[in-house]
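In the order they appear, the protein sequences are chains A, B, C and D.
Count along the first sequence from 1, add 259, and you get the number used in the numbering used here.
Count along the second sequence from 1, add 259, and you get the number used in the numbering used here.
Count along the third sequence from 1, add 59, and you get the number used in the numbering used here.
Count along the fourth sequence from 1, add 59, and you get the number used in the numbering used here.
In this text, a Cβ means the ideal position worked out from N, Cα and C, and glycines have one as well.
Note that the coordinates shown come from a computational prediction; the quantities given were computed from them, not determined experimentally.
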Amino acid sequence: MPIKTVYQAQIESIQILDEDGKLDAELAQNTLSVDDVVGLYELMFISREFDEASFKLQRSGRMGTFPQNRGQEAVSLGAAQALRRGIDYIVPYYREHPAMFLHGLPMHQVLSYWMGDERANAIPPKLSMSPMSVSIGAQTLHAVGIAWAFKLRKVDRAVLCFFGDGATSTGDFHAAMNFATVFHVPCVFCCVNNQWAISVPRSKQTAATTLAQKALAYNMPTVQVDGNDVFGVYKAHRDALDRALKGGGPSFIEAITYRLGDHTTADDARRYRDAEGYAAAQARDPLIRTRIYLESVGRWDESKQATLDARAKVIVHEVSEAALNAEPPATDDLFRYTFAEMPEMLLKQMQTHRTDSIGQDPEQIGLKAAPHSAESSEVHHAAT
Amino acid sequence: MPIKTVYQAQIESIQILDEDGKLDAELAQNTLSVDDVVGLYELMFISREFDEASFKLQRSGRMGTFPQNRGQEAVSLGAAQALRRGIDYIVPYYREHPAMFLHGLPMHQVLSYWMGDERANAIPPKLSMSPMSVSIGAQTLHAVGIAWAFKLRKVDRAVLCFFGDGATSTGDFHAAMNFATVFHVPCVFCCVNNQWAISVPRSKQTAATTLAQKALAYNMPTVQVDGNDVFGVYKAHRDALDRALKGGGPSFIEAITYRLGDHTTADDARRYRDAEGYAAAQARDPLIRTRIYLESVGRWDESKQATLDARAKVIVHEVSEAALNAEPPATDDLFRYTFAEMPEMLLKQMQTHRTDSIGQDPEQIGLKAAPHSAESSEVHHAAT
Amino acid sequence: MPLLNMVEAINLALRQEMCRDERVMLLGEDIGVNGGVFRVTEGLQAEFGVDRVVDTPLTETGIMGASIGLAMGGMIPIPEIQFEGFLGPAFDQLTNQAARCRSRTRGGQTCPITIRVPFGGGIHAPELHSESPEAIYAHTPGLKVVIPSHPYDAKGLLASAIRDPDPVLFFEPKRVYRSLKEKVPEESYTIPIGSAKVLAEGTDVTVITWGAMVFQCLEAIDQLPERMSVELIDLRTISPVDVETIAESVKKTGRAIVVHEAHKTGGFGAEISALIQEHCFLSLEAPVQRVTGFDTAVPYYKLEMQYLPDATRIVASIMDCMAY
Amino acid sequence: MPLLNMVEAINLALRQEMCRDERVMLLGEDIGVNGGVFRVTEGLQAEFGVDRVVDTPLTETGIMGASIGLAMGGMIPIPEIQFEGFLGPAFDQLTNQAARCRSRTRGGQTCPITIRVPFGGGIHAPELHSESPEAIYAHTPGLKVVIPSHPYDAKGLLASAIRDPDPVLFFEPKRVYRSLKEKVPEESYTIPIGSAKVLAEGTDVTVITWGAMVFQCLEAIDQLPERMSVELIDLRTISPVDVETIAESVKKTGRAIVVHEAHKTGGFGAEISALIQEHCFLSLEAPVQRVTGFDTAVPYYKLEMQYLPDATRIVASIMDCMAY
Ligand SMILES: Cc1ncc(C[n+]2csc(CCOP(=O)(O)OP(=O)(O)O)c2C)c(N)n1
Ligand SMILES: Cc1ncc(C[n+]2csc(CCOP(=O)(O)OP(=O)(O)O)c2C)c(N)n1
Ligand SMILES: [Mg+2]
Ligand SMILES: [Mg+2]
């Protein structure tokens, strides 16, 4: 004293595969093999095709709102690639379907979800992920809780949580970061900085220079990475996962990318997006960069691309058909998952499909009660 | 790239008056005059006496729960001294009565408050402060909103917001810090780090090295200060206020002190407090330090202290009497401040002091309705 | 007189109140350049500037808490919560702070804010975009809760809400936003908060509702046998509720049905039912019926129409109630 | 059999459930070394360690959200919210996340958490420490709401809540915490959630209540003329509510009064009143009466006793109702 420095910090930004598809060989060591990259590129491309098809399904009235991942594929897939499938747990938000695909979620479930079918949230038992979260930031606390449970149960698993730049403003995010560090849980926070929260640009979301510095408030290890560089994204997450699994606690990763689509199909980004920034972002498209890299190492060419084109179309077509042709959910599904055991009053609502007391108990007006069976409520449904 | 530094920060800690009462003359320039310090010391002492008396009032059953400020007087008063009374606005929480006293709040209102008298929250019109906040963190957003209004209305006023170390964990704090910086409002955040949130020590509240670094997440200017050093506290706040008034936006100040009392009179700190830390903190009592300083410059001695002792007792006695002898609030007060204009149904509740429909409308059972007047509900009250 | 839909009517009310009082300002997510996700604030930032139409960071507690502070500092803020499902993070500031501001300060400090919230189902939206939480806020002393069903009412009630010296929660039924146009005066006018509107007069049964359900009730009435005479009351405000209009009607008809989208248990229909028997006990010829959403989460949209009360369920309830 | 007060009974239930299932853990503010501000968790951290009895940072949304995650990860968390007034910041996670977990995942993921919350007035506490927000949560599908009034019930109901596969909000009336002792079996037992208890049998009028108000009702019954025969029902659970027990009683008595601390408008009394007339319409001889807190903020404690229903108001209501 009288004046002394009590805290110092600095934040680094990593890039391994640059805008021109050139790789930093040294940093790339022990990251992705060329085979890995081929697989990831293929899934990036298929996801892009999936996004296009979804857009069309929405525009033709066959699906509700849909949020494209377009432009962010390297974040979603690079991060998810760092996890062990079925072991490490993914807590995604609504825009991270590529990561869920990589970990085995049947693609049609994502379409069914946006077609308003809640059954799509039933994750196949062997997969290790939660459904897409809609309420911004809420899922970050669930991720921390899951990681905490893994730690308490002494199982060797970690959690990866996705959220956007907008989510960093929520109270839940703040609580999650704090709990994660205080309880030192194996959780990796992947902040997908796609520059926009609907129409609000990153610059208006926070006055911070970087989103990575949010983690300094909690003494959490933090790094920035070029989110269109699948090597960089992978490495940042691999390092964070390793640390988490070795008992080193949580980490924060700001992956810088750009939302190339509208916020959702209900949005029109031309209302607020600057044309120049958008053009520049298109030039940094992760698909272009990854393909150039693969071509440069002799693993990709026009004919491979043509095959992939065709394959992606087939896959996406099949997936769309599967979603479009699904049986409609049963009306009883509305009631069935409220509690493990249905309380009497809820059962009556399901059986009669009524809430008015006379409707639920027609004997009150001298009518015989409706037969109590699952069929009856189907019939009722048909009648309404 | 490939690895570059994108952000750097460091945080400083200031001390001007050290543990032994020695002043750093250079840093002390343009801060407090000796006269100022005499005044502040006197109020520190009176506040301490007030805390003692409150404790006794509670223990003797004449007051509800009370949170002592004991040990934190230099933070509360050093910070408030940096503000212009009646101009700059104080947003306090429940432990900051010394600051409110300095800005002119009649002391008995604080006792009345803890005696369960809501009228104590009516701040005299010329004072510029809000009532004490109970919900941890909530007031930080109000402070930001008020400062934002000052900015929009182009009036030359700033806001000082007090909150504890525990409050830094709340979602509201996070939102307040973010809004303050995004909208660049004239608000000073004074974090009273008294090492405890009830029984939870600072070390369990956050994994951060300092609380000051919380501000880095928002690019907010931030500093740590010895909270038992009234010069340091004053200077940190004066600098922040000046910046705010010059359009430089918000600032964060972590004032490090120690809660020498129990959390409140309902608490017993011996259940969780380590004896050593407590003893060390007692030795750093800001009253001792300030008095030594005043003695060293020839402005304080035993006889002055004896006079102050006596004066403090008289003041606190008078204040206690004022609070104890206040007329009880009228029952109608319960209803009167719900809306500017009372809706019909609420009026009926006030007039009848009943909620049951027959009680509100005795004509239903052939009785005459109760006379609708303020007296009637007084009578009712007496009867209950 | 221009024909306006509800979006246009609200937009016009906002514009007029901003012109009328320069302390009025708007804040919320995406309400500026983007004009709000429903375009309700379209053009207002261009007209009044970025200081009076403010895009905020993504935090509802921040929007609500800062609005309270802005009000304390002398402004008249109109926060928008993008969807009712995101009132959750603002719940604490709204109920424990805004609604108590006047009471806590014994009238020294007031909180003249109007919280605009698109609400309710029927537009095939994702999860948490189709809820009806109005009962929760009607149970909050110090808060008024207004729910217009028509463009004309929306304009006049919003003007009243903005000029009201206390906090008003203004729910906008999104299903109605663009579903109908009606004549709405260009000039500014107010409609008193707390007064219900009798949309159809009748003598056999009283149907009480609010928000988008008004139109399901109208459809139901159309489907009833000609001989049946239904009185339809649109509450327009649920807190304070216009019990006189309800009681007067039920005393005449002797039968009542409340229709709302929210879950039955603890919904505001329970309050209406309780009030009716408190005020009209001797006139009642049948128990007050509730036709409401079920006691389940609001489902994803493939099952939404099974959740929401519709004309079929309302007709059945009216017929059964008449048969009692 | 030992005589225990409610604090001791709850403490014992927590201990037994923690012994019974090692997935059970507690988290909250000041519940560890300090044993909770009401000493309900006294001694548990010493017995079960800091991993199973966890002092958290000060954020209710954090406590609630992390509990949901812990449940998803295989634990059975029992979060404590220190006072009901601080449920506000946890409201979103509780209602939009915990309560919907099973539904959202079509049963794939459940949320077996029990949220313990001291609630209600009568202890001269500061602002936001004396509220009764139960109606809000009873209007939340997917959530059960339990409110014991006696130590014996508290122990058995808490054991049921902890073993319940769905989220249970467990309100503990702080006014009763130490106000009475009763015989409570040492051994573990459960009381089914959703079953009311008839505390006094009678034939003239049914009084329905829950929580601390049970004792005001008992006091009122004592003050009534001998000839009057009152049936007193302690709901114990308000969601799901035991409508059979209520209906059976009111069909017998023909008159009913609901008593609760919460504000009248939109309080759970409205639901009870609505249910009674739906189920017992032809038996009712007088309108169901509500004796409740007023539609004002819960006042600071000098006016608290004027806000809270007491024996005098309950007696008056019973007499008036009988005279109807
Ligand atoms: C709590 C909450 N508030 C508001 C919304 C409405 N909303 C949906 S997406 C969105 C923007 C999210 O931005 P970001 O977190 O950056 O994710 P991105 O959509 O850019 O991937 C908003 C405001 C919401 N879903 N949840
Ligand atoms: C939102 C909220 N949660 C919990 C409480 C209960 N409570 C009262 S004081 C306190 C600790 C506050 O600690 P801190 O912010 O450090 O302030 P201090 O009391 O130490 O001055 C808690 C948990 C509260 N008042 N508000
Ligand atoms: Mg974004
Ligand atoms: Mg503290």
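Any non-hydrogen atom of ligand 2 within 7 Å of residue i CB
{"i": "B/F422", "result": "yes"}
{"i": "B/H401", "result": "no"}
{"i": "D/E139", "result": "no"}
{"i": "B/R354", "result": "yes"}
{"i": "B/V393", "result": "yes"}
Residues that residue i bridges to, as DSSP identifies them
{"i": "A/C449", "result": "A/F421 and A/I512"}
{"i": "C/Q348", "result": "C/I316"}
{"i": "B/W455", "result": "B/P460"}
{"i": "A/Y352", "result": "A/S392"}
{"i": "D/S298", "result": "D/V204"}
{"i": "A/M609", "result": "Answer by DSSP bridge pairing: none, since A/M609 is not bridged."}
Interface flag, residue i vs chain D, CB-CB below 8 Å
{"i": "B/M601", "result": "no"}
{"i": "C/Q336", "result": "yes"}
{"i": "A/V638", "result": "Since pLDDT at A/V638 reaches only 37, below the 50 mark, its modelled position is unreliable, and the value read off the structure follows with that caveat. With 8 Å as the cut-off, A/V638 does not count as an interface residue toward chain D."}
Contacts that residue i makes with chain B (C-beta to C-beta distance below 8 Å)
{"i": "A/N452", "result": "Here the premise fails: no neighbours, minimum Cβ distance about 12 Å."}
{"i": "A/V441", "result": "K463, Q464, T465 and A466"}
Chain C contact for residue i (CB, 8 Å cutoff)
{"i": "A/S632", "result": "With a pLDDT of 44 at A/S632, under the threshold of 50, the modelled position of this residue cannot be trusted; read the value that follows with caution. By this cut-off, A/S632 is not an interface position."}
{"i": "A/E278", "result": "no"}
{"i": "D/F230", "result": "no"}
Residue-level contact to chain A via CB, residue i, 8 Å cutoff
{"i": "C/Q365", "result": "yes"}
{"i": "C/Y359", "result": "yes"}
{"i": "B/A540", "result": "no"}
{"i": "D/G108", "result": "no"}
{"i": "C/T154", "result": "no"}
{"i": "D/A370", "result": "no"}
{"i": "B/K473", "result": "yes"}
{"i": "B/E554", "result": "no"}
Cβ-heavy atom distance, residue i to ligand 1, below 7 Å
{"i": "D/G121", "result": "no"}
{"i": "A/F314", "result": "no"}
{"i": "C/P148", "result": "yes"}
{"i": "A/V369", "result": "no"}
{"i": "A/A658", "result": "Absent from the structure is residue 658 of chain A, since the part of chain A shown begins at 260 and ends at 643."}
{"i": "C/E190", "result": "no"}
{"i": "A/H522", "result": "yes"}
Any non-hydrogen atom of ligand 4 within 7 Å of residue i CB
{"i": "C/R165", "result": "no"}
{"i": "B/W559", "result": "no"}
{"i": "D/A105", "result": "no"}
{"i": "B/G425", "result": "yes"}
Residues that residue i contacts on chain B, provided the C-beta gap is smaller than 7 Å
{"i": "D/Q348", "result": "D615, S616 and I617"}
{"i": "A/P283", "result": "First, the amino acid is wrong: residue 283 of chain A is Asp here, not Pro. Here the neighbours are P261."}
{"i": "A/N437", "result": "S428 and T465"}
Interface flag, residue i vs chain B, CB-CB below 8 Å
{"i": "D/L103", "result": "no"}
Neighbouring residues, chain D, relative to residue i (Cβ below 9 Å)
{"i": "A/A476", "result": "The contacting residues do not exist; A/A476 stays about 12 Å from chain D at best."}
Within chain A, the residues that residue i reaches when beta carbons sit closer than 7 Å
{"i": "B/H433", "result": "G430 and H433"}
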